[in-house]
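Asks:
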Amino acid sequence: MAEPEVMQKIVSLAKRRGFVFQSSEIYGGLRSAYDYGPLGVELKRNIVAEWWRAMVYEREDIVGLDAAIIMHPKVWEASGHLAGFSDPLVDCRNCKERFRADKAPKVAAGTEVSYQEGGKKGGKTLKGVAERGYVCPNCGGGDLSDERRFNLMFRSSIGPVDTIEEIAKYVETHRDLEGGALREALDGVIRQSAVYLRPETAQAMFVQFLNVQESLGMKVPFGIAQTGRSFRNEITVEHFVFRSCEFDQMEMEFFCEPGSQAEWLKYWCEQRLAWYQRFANHPERLRLRQHHPDELAHYADDCYDVEYEYPWGWDELEGIASRTDYDLNKHAEHSGKKLSYFDPQKPNPETGKPGLRYVPYVIEPAAGATRTLLMLLLDAYHEEAVPDAKGEDATRVVLKLHPRLAPYKAAVLPLVKKDGLPEIGHDIVKKFLQAGLFVSYDEQHAIGRRYRRHDEAGTPYCLTVDGQTKQDQTVTIRYRDDMRQERIPIERAVDVVREKLQRGDR
RNA sequence: GCGGGACUAACUCAGUGGUAGAGUGCAACCUUGCCAAGGUUGAAGUCGCGGGUUCAACCCCCGUGUCCCGCUCCA
Numbered sequence: 000m001a002e003p004e005v006m007q008k009i010v011s012l013a014k015r016r017g018f019v020f021q022s023s024e025i026y027g028g029l030r031s032a033y034d035y036g037p038l039g040v041e042l043k044r045n046i047v048a049e050w051w052r053a054m055v056y057e058r059e060d061i062v063g064l065d066a067a068i069i070m071h072p073k074v075w076e077a078s079g080h081l082a083g084f085s086d087p088l089v090d091c092r093n094c095k096e097r098f099r100a101d102k103a104p105k106v107a108a109g110t111e112v113s114y115q116e117g118g119k120k121g122g123k124t125l126k127g128v129a130e131r132g133y134v135c136p137n138c139g140g141g142d143l144s145d146e147r148r149f150n151l152m153f154r155s156s157i158g159p160v161d162t163i164e165e166i167a168k169y170v171e172t173h174r175d176l177e178g179g180a181l182r183e184a185l186d187g188v189i190r191q192s193a194v195y196l197r198p199e200t201a202q203a204m205f206v207q208f209l210n211v212q213e214s215l216g217m218k219v220p221f222g223i224a225q226t227g228r229s230f231r232n233e234i235t236v237e238h239f240v241f242r243s244c245e246f247d248q249m250e251m252e253f254f255c256e257p258g259s260q261a262e263w264l265k266y267w268c269e270q271r272l273a274w275y276q277r278f279a280n281h282p283e284r285l286r287l288r289q290h291h292p293d294e295l296a297h298y299a300d301d302c303y304d305v306e307y308e309y310p311w312g313w314d315e316l317e318g319i320a321s322r323t324d325y326d327l328n329k330h331a332e333h334s335g336k337k338l339s340y341f342d343p344q345k346p347n348p349e350t351g352k353p354g355l356r357y358v359p360y361v362i363e364p365a366a367g368a369t370r371t372l373l374m375l376l377l378d379a380y381h382e383e384a385v386p387d388a389k390g391e392d393a394t395r396v397v398l399k400l401h402p403r404l405a406p407y408k409a410a411v412l413p414l415v416k417k418d419g420l421p422e423i424g425h426d427i428v429k430k431f432l433q434a435g436l437f438v439s440y441d442e443q444h445a446i447g448r449r450y451r452r453h454d455e456a457g458t459p460y461c462l463t464v465d466g467q468t469k470q471d472q473t474v475t476i477r478y479r480d481d482m483r484q485e486r487i488p489i490e491r492a493v494d495v496v497r498e499k500l501q502r503g504d505r
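Residue 377 in numbering that gives the first Met the number 0 sits at position 378 of the first sequence, with consecutive numbering throughout.
See the structure below:
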């Protein structure tokens, strides 16, 4: 099913079954903010846990980090995120540089200019006209966007004194100021206590590069992984949770020796694509797409997107960028700290002696956890024509989520609500919960409805307690994807489910 | 940011300028019951929000919020 209506069905199901709710719904909702309900929070946590397992626990060369959401404002000055708050910014359509219009090289309006395609040496030479009286400081091009003030980041202030007090005081003592001068002065006042919610988790990993490397004695190549909430004032929000202002990221910065980046980029592209495909019912709806040279940010020497075929078409799921030494250099420059790595084994090509100091290059697989959640819901959503008890056509809606990602690992269902069956059921539930497996006990309505309800919730296994259970201590295990049933001893139920989860059995 | 559409019960939707409807779901009980079973009963909506027109507005007008679809934009 690829029609746009599948999105409506997902949104409806997400609400009905407690996956995703509109934020602040009773107050009319808040633009592009979503809350994850009882099942949604489980799914999201499972996604992040699987990512962490693949990136950190299953290998020796990557370690974790959990940095503060609010960082020193200079972090964002160095990264370039802060520039847009007070200054009109312009995007170069040729090399993708974003720059301050007032700091750009001036040329007389109407002058003909020539520049290299993509801002890269050896690129095709293009010609254009500097219509606005300045050109791109990076490539010299004249193909520029309008001047705009971007407020990509959410700004707040730190400290007990409300910034408005400072502003009021300033205005009262500077009544002569107006227009741009006033704006600039007030911006200066605000900035004294201004802090920003991180627009990405990545920067903390660059900023803490040395601490992580030294404290754990990490040897290049190695990576730092982090998951967490990020915030962006997106110009456009769209497609349910696909692009929202507050979202969860799963990012890893992999530091490697200059010259090896192409190889590592290839490696990470393969790893990351395979990770998604491992959990997907439709691996053919996932692909890698290399960025065109004119798409690349000027600090990247290559970049791939992991894309998914959403109902609205192929779109991004994860970006895997080769960021060169740009970030470490920027932070070294702004902080005055030397952010480099010394390899005592490596011979220095200049002296021939062992010992080489260099600034590592970085490969960055940056994934969206909330985006992954949407992709998995879309991938898992199935409608099947199944005859009902009366032999009439009925539709079965089933979320074929990978068992390890499914919110409930199993549902325990007494066939009837009497004859001691509920008691047996509760005992089984207790065993699962003690084993750390999240399961649901459900005795409402007929057994068939309960199966279908859990199909919609993506519960991979249903354990049904029936009359026979009392005689031979067995229950039936019913599989979500094909509805087949088997009998297993209660004694082994936890182990059976655990083994199936381990293997990903459906 | 621009244009178009939508908003009525938890979900999917009817509806008329004059007392708010259906199906599903939900809750309770009954029927010894393995794939949305049958029966009985019940709860649930100030019709997104705020103004205006009118004797009377869910319906007409204005504003606003949210979502969707295009475009635009996009670390």
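Glycine included, every Cβ here is placed at the ideal spot set by N, Cα and C.
Which partner residues of Pro-364 appear in the DSSP bridge assignment?
Replies: Against the first sequence, residue 364 aligns to sequence position 365. Pro-364 pairs with Ile-319.
Asks: Would you mind giving the Cβ-Cβ distance between Leu-436 and Val-464, rounded to the nearest angstrom? I have them listed as a contact below 8 angstroms.
Replies: Indexing the first sequence from 1 puts residue 436 at position 437. Indexing the first sequence from 1 puts residue 464 at position 465. So it is not a contact: roughly 17 angstroms between Cβ atoms.
Asks: Between the segment 27-40 and the segment 4-18, are three or more C-beta pairs nearer than 8 angstroms?
Replies: Yes, they touch.
Asks: If you draw a straight line from the alpha carbon of Leu-327 to that of Ser-78, how long is it in whole angstroms?
Replies: Here residue 327 refers to the residue found at position 328 of the first sequence. Here residue 78 refers to the residue found at position 79 of the first sequence. Near 10 angstroms, if we compare the C-alpha coordinates of Ser-78 and Leu-327.
Asks: Figure out for me which residue from Val-112, Arg-505, Leu-400, Glu-294 has the closest Cα to the Cα of Leu-506.
Replies: Missing from the structure shown is residue 506; the chain here goes from 0 to 505 and no further.
Asks: Out of Ile-476, Leu-81, Ile-69, Glu-382, point me to the one whose CA is closest to Asp-186's CA.
Replies: Taking the first sequence and counting its residues from 1, the one referred to as residue 186 is at position 187. For Asp-186, the nearest C-alpha among the options comes from Leu-81.
Asks: Alpha carbon to alpha carbon, what distance is there between Tyr-266 and Arg-370?
Replies: Taking the first residue of the first sequence as 1, we reach residue 370 at position 371. Taking the first residue of the first sequence as 1, we reach residue 266 at position 267. Roughly 23 angstroms between the two C-alpha positions.
Asks: Going by DSSP, what residue range makes up the alpha helix (DSSP H) through Ala-203?
Replies: The residue you call residue 203 lines up with position 204 of the first sequence. 201-206 is the extent of the alpha helix (DSSP H) around Ala-203.
Asks: Using only CA atoms, which one of Leu-375, Asp-378, Leu-377, Val-396 lies nearest to Ala-384?
Replies: Along the first sequence, one-based indexing puts residue 384 at 385. Closest by alpha carbon: Val-396.
Asks: With distances taken between CB atoms, is the gap from Ala-366 to Gln-207 smaller than 8 angstroms?
Replies: Taking the first residue of the first sequence as position 1, residue 366 is located at position 367. Taking the first residue of the first sequence as position 1, residue 207 is located at position 208. Cβ distance not < 8 angstroms, so Ala-366 and Gln-207 don't count as in contact.
Asks: Considering only residues of the same chain and omitting the five flanking positions on each side of Gly-318, which have a CB-CB separation below 6 angstroms?
Replies: Numbered from 1 along the first sequence, position 319 holds the residue referred to as residue 318. Once the five neighbours on either side are set aside, the close Cβ partners of Gly-318 are Asp-304, Ala-365.
Asks: Please check the pair Glu-283 and Ala-320, which I expect to be a contact at CB under 8 angstroms, by giving their CB distance rounded to whole angstroms.
Replies: Position 284 of the first sequence holds residue 283. Position 321 of the first sequence holds residue 320. About 25 angstroms separates the two Cβ atoms, so there is no contact after all.
Asks: What is the DSSP secondary structure of Phe-278, reduced to helix, strand or coil?
Replies: If you number the first sequence from 1, residue 278 lands on position 279. It is helical.
Asks: Give, in chain order, every unbroken run of the beta strand (DSSP E) that is at least 3 residues long and sits entirely within the segment 166-222.
Replies: Listed in chain order, they are 193-195.
Asks: Say whether the segment 286-300 touches the segment 233-242, bearing in mind that this needs 3 or more beta-carbon pairs closer than 8 angstroms, one atom from each stretch.
Replies: Verdict: no, contact absent.
Asks: Leaving out five residues on either side along the sequence, give the residues of the same chain with a beta carbon under 7 angstroms from the beta carbon of Arg-231.
Replies: By one-based count along the first sequence, residue 231 stands at place 232. These residues qualify, in order along the chain: Leu-151, Pro-198, Cys-244.
Asks: Taking only runs that begin and end inside the segment 17-64, name each unbroken beta strand (DSSP E) of 3 or more residues, in chain order.
Replies: With a minimum length of 3 residues, the continuous beta strand (DSSP E) runs that stay inside the segment 17-64 are 19-21, 33-35, 61-63.
Asks: Could you tell me which uninterrupted beta strand (DSSP E) segments, each at least 3 residues in length, are contained entirely in the segment 385-439, listed from first to last along the chain?
Replies: Listed in chain order, they are 392-398, 409-413.
Asks: Ala-279 to Ile-9, Cα distance in whole Å?
Replies: Residue mapping note: residue 279 aligns to position 280 of the first sequence, counting from 1. Residue mapping note: residue 9 aligns to position 10 of the first sequence, counting from 1. Near 16 angstroms, if we compare the C-alpha coordinates of Ile-9 and Ala-279.
Asks: Please say whether Leu-462 and Ile-427 have beta carbons closer to each other than 8 angstroms?
Replies: Against the first sequence, residue 427 aligns to sequence position 428. Against the first sequence, residue 462 aligns to sequence position 463. Cβ distance < 8 angstroms, so Ile-427 and Leu-462 count as in contact.
Asks: May I have the straight-line CA-CA distance separating Met-0 from Leu-285, to the nearest angstrom?
Replies: Residue 0 sits at position 1 when you count from the first residue of the first sequence. Residue 285 sits at position 286 when you count from the first residue of the first sequence. Any reading at Met-0 must be qualified, since the residue scores a pLDDT of 44, below 50, and its modelled position is unreliable; no value is offered.
Asks: Thinking C-beta only, is Ser-155 closer than 8 angstroms to Leu-209?
Replies: Reading the first sequence from its first residue, position 210 is the one you call residue 209. Reading the first sequence from its first residue, position 156 is the one you call residue 155. Not a contact, by the Cβ cut-off of 8 angstroms.
Asks: Check the C-beta distance from Val-361 over to Glu-252 and give it rounded, since I have them as a contact under 8 angstroms.
Replies: Position 362 of the first sequence, counted from the first residue, corresponds to residue 361. Position 253 of the first sequence, counted from the first residue, corresponds to residue 252. That pair is a contact at about 5 angstroms.
Asks: Less than 8 angstroms between the beta carbons of Asp-529 and Gly-222, yes or no?
Replies: Outside the modelled stretch of the chain, which goes from 0 to 505, sits residue 529, for which no answer is possible.
Asks: To the nearest angstrom, how far is the alpha carbon of Thr-473 from that of Val-495?
Replies: Numbered from its first residue, the first sequence carries residue 473 at position 474. Numbered from its first residue, the first sequence carries residue 495 at position 496. If I take the Cα positions, the gap works out to 13 angstroms.
Asks: Considering only their Cβ atoms, is the gap separating Tyr-133 from Asp-100 smaller than 8 angstroms?
Replies: For the purposes of this step, residue 100 is taken as the residue at position 101 of the first sequence. For the purposes of this step, residue 133 is taken as the residue at position 134 of the first sequence. Reading the sequence as shown, one finds Ala at residue 100 and not Asp. Cβ atoms of Ala-100 and Tyr-133: closer than 8 angstroms.
Asks: Spatial neighbours of Val-74 within its chain, please: CB distance less than 7 angstroms, with the 5 preceding and 5 following residues excluded, ordered by chain position.
Replies: Sequence index remark: in the first sequence, residue 74 carries index 75 (1-based). Hits under 7 angstroms: Gln-202, Val-206.
Asks: Is the distance from the Cβ of Pro-459 to the Cβ of Arg-479 below 8 angstroms?
Replies: Here residue 459 corresponds to residue number 460 of the first sequence, with the count starting at 1. Here residue 479 corresponds to residue number 480 of the first sequence, with the count starting at 1. Yes, these two residues count as a Cβ contact at 8 angstroms.
Asks: Please work out which residues of its chain come closer than 6 angstroms, Cβ to Cβ, to Phe-153, disregarding the five sequence neighbours upstream and downstream, and give them in chain order.
Replies: Counted from its first residue, the first sequence places residue 153 at position 154. Excluding sequence neighbours, Phe-153 sits near Leu-196, Phe-230.
Asks: Let's see if you can read the secondary structure: which residues bound the alpha helix (DSSP H) around Pro-72?
Replies: Along the first sequence, read from residue 1 onward, the residue named residue 72 stands at position 73. Where Pro-72 is concerned, the enclosing alpha helix (DSSP H) stretches over 72-78.
Asks: If distances are taken between C-alpha atoms only, which option among Lys-14, Pro-413, Leu-432, Asp-454 comes closest to Gln-467?
Replies: Your numbering for residue 467 matches position 468 in the first sequence. Answer by Cα proximity: Pro-413.
Asks: Can you check which of these residues, Arg-502, Val-106, Gly-141, Glu-4, is closest to Gly-92 by C-alpha distance?
Replies: Mapped onto the first sequence, residue 92 falls at position 93. In the sequence as displayed, the identity of residue 92 is Arg instead of Gly. Comparing Cα positions, the closest option is Gly-141.
Asks: Mind listing, in chain order, the continuous beta strand (DSSP E) runs of no fewer than 3 residues lying wholly within the segment 451-502?
Replies: Correct list: 460-464, 473-478, 484-488.
Asks: Express the C-alpha separation of Leu-404 and Leu-500 in angstroms, rounding to a whole number.
Replies: Position 501 of the first sequence, counting from 1, holds the residue named residue 500. Position 405 of the first sequence, counting from 1, holds the residue named residue 404. Taking the straight line from one Cα to the other gives about 9 angstroms.
Asks: For a quick check, are the C-beta atoms of Gly-63 and Gln-225 less than 8 angstroms apart?
Replies: Here residue 63 refers to the residue found at position 64 of the first sequence. Here residue 225 refers to the residue found at position 226 of the first sequence. In contact: Gly-63 and Gln-225 (Cβ atoms closer than 8 angstroms).
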